[in-house]
Amino acid sequence: IAFTGDVPLYIVDPHVRALPDGTWRMTYFGVPTDRTCADSMDPVQTALPHQAFTASSDDLVNWTHEGIAFTAAIRGSDPTVWCEDALNCMIYMGGGGVSTDGGESFVEVEMSPPHEEPNSPDVIGTVDGWRMYYLEGTELVSATSTDGLSWTREGECAISGADPTVMDVEGEVWMYIKAKASSRPGR
111 IAFTGDVPLY IVDPHVRALP DGTWRMTYFG VPTDRTCADS MDPVQTALPH QAFTASSDDL
171 VNWTHEGIAF TAAIRGSDPT VWCEDALNCM IYMGGGGVST DGGESFVEVE MSPPHEEPNS
231 PDVIGTVDGW RMYYLEGTEL VSATSTDGLS WTREGECAIS GADPTVMDVE GEVWMYIKAK
291 ASSRPGR
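In this note's numbering, each number is its position in the sequence shown, counted from 1, plus 110.
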């Protein structure tokens with residue numbers, strides 16, 4: 111893929127979603143060159159504030175950097191964005207935010223996550239609100255919310271894995287996960 115604009119050094123954990131006009135918006139944890147951590151190659155170890163950036167595309171190949179969309183009050187990475195409609199969206203990345211411009215920018219709000227530090231969250235709409243899949247330690251778990259702000263943990267999922275990506279494909283819920291490494295020797 112190709113980026114144009116003032117792109118940060120690290121583009122981490124992109125979250126891509128289709129927009130109503132047929133274009134695409136990527137939201138990602140970005141670390142500008144001047145904020146990298148000298149002690150670690152891990153972008154999550156950079157000093158606060160952690161920021162989510164956005165980029166847009168017409169073809170999923172060529173992306174135009176748009177800028178900072180959200181600044182997390184606490185350490186956060188792997189942003190997830192979910193939208194009620196074309197304009198009203200929410201983000202979780204170490205803290206919560208709301209948007210009234212389709213996810214171009216977010217204002218911080220008080221959010222009660224289902225766990226102290228939900229890792230690699232992804233959110234999908236349900237009949238009654240929202241369901242979040244995330245890692246709690248090494249376990250894949252889920253939580254529900256009617257308003258997107260206050261979350262209630264449901265429990266561990268029947269499948270195991272990491273870094274869930276959840277999407278609605280023609281009315282069916284699909285989940286892509288990174289498989290856990292097997293402790294059994296392979297052949």
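No residue lacks a Cβ here, since even glycine has one placed at the ideal position from N, Cα and C. Owing to the predicted nature of the structure, the values given are computational and were not obtained by experimental measurement.
With DSSP collapsed to three states, give me the class of residue i.
i      : result
PHE216 : coil
ARG297 : With a pLDDT of 37 at ARG297, under the threshold of 50, the predicted position of this residue should be treated as unreliable, though the coordinate-derived value follows. In the structure shown, ARG297 sits in coil (DSSP, three-state: anything other than H, G, I, E or B).
THR181 : strand
ASN229 : strand
GLY235 : strand
CYS267 : coil
MET136 : strand
SER292 : Residue placement at SER292 is flagged as unreliable, the pLDDT there being 49, under the threshold of 50; the coordinate-derived value follows with that caveat. Three-state result, SER292: coil.
ALA128 : strand
VAL122 : strand
ALA272 : strand
What are the boundary residues of the beta strand (DSSP E) that residue i is part of?
i      : result
PRO118 : Run containing PRO118: none; DSSP gives neither H nor E here.
GLY207 : 206-209
MET221 : That residue, MET221, is in no beta strand (DSSP E); it is neither H nor E in DSSP.
ALA112 : 112-114
MET200 : 199-202
Identify every residue that forms a DSSP beta bridge with residue i.
i      : result
ASP188 : Answer is none; ASP188 lacks a bridge partner.
GLU176 : GLU176 pairs with nothing; no bridge assigned.
THR254 : ARG241 and THR262
MET277 : TRP284
THR164 : THR137 and GLY177
GLU249 : GLU246
Closer than 8 Å, CB to CB, is residue i near chain D or not?
i      : result
ALA182 : In the structure shown, chain D does not exist; there is a single protein chain.
What whole-angstrom Cβ distance do residue i and residue j have, given they're in contact under 8 Å?
i      : j      : result
TYR286 : CYS267 : With 8 Å as the limit, TYR286 and CYS267 do not qualify as a contact, their Cβ atoms being about 13 Å apart.
VAL219 : GLY206 : 5 Å
MET203 : ALA183 : Not really, about 10 Å apart at Cβ, beyond 8 Å.
ALA162 : ILE201 : 6 Å
Among residues of its own chain, excluding the 5 on either side of residue i, which ones have a beta-carbon nearer than 6 Å to its beta-carbon?
i      : result
LYS288 : GLY271, ALA272 and ASP273
GLY239 : SER255 and THR256
MET136 : PRO124, VAL126 and ALA165
GLU194 : none
I'd like the list of long-range same chain contacts for residue i, defined as Cβ closer than 8 Å, with 5 residues on each side in sequence excluded.
i      : result
THR275 : ASP232, MET285, TYR286 and ILE287
Which residues in the same chain as residue i place their Cβ atom closer than 7 Å to its Cβ, once the five residues preceding and following it in sequence are excluded?
i      : result
LEU170 : TRP134
ARG297 : Confidence at ARG297 is low in this model, with a pLDDT of 37, below 50, so the placement of that residue is unreliable and no value is reported for it.
SER215 : ALA179 and SER209
LEU158 : ARG185
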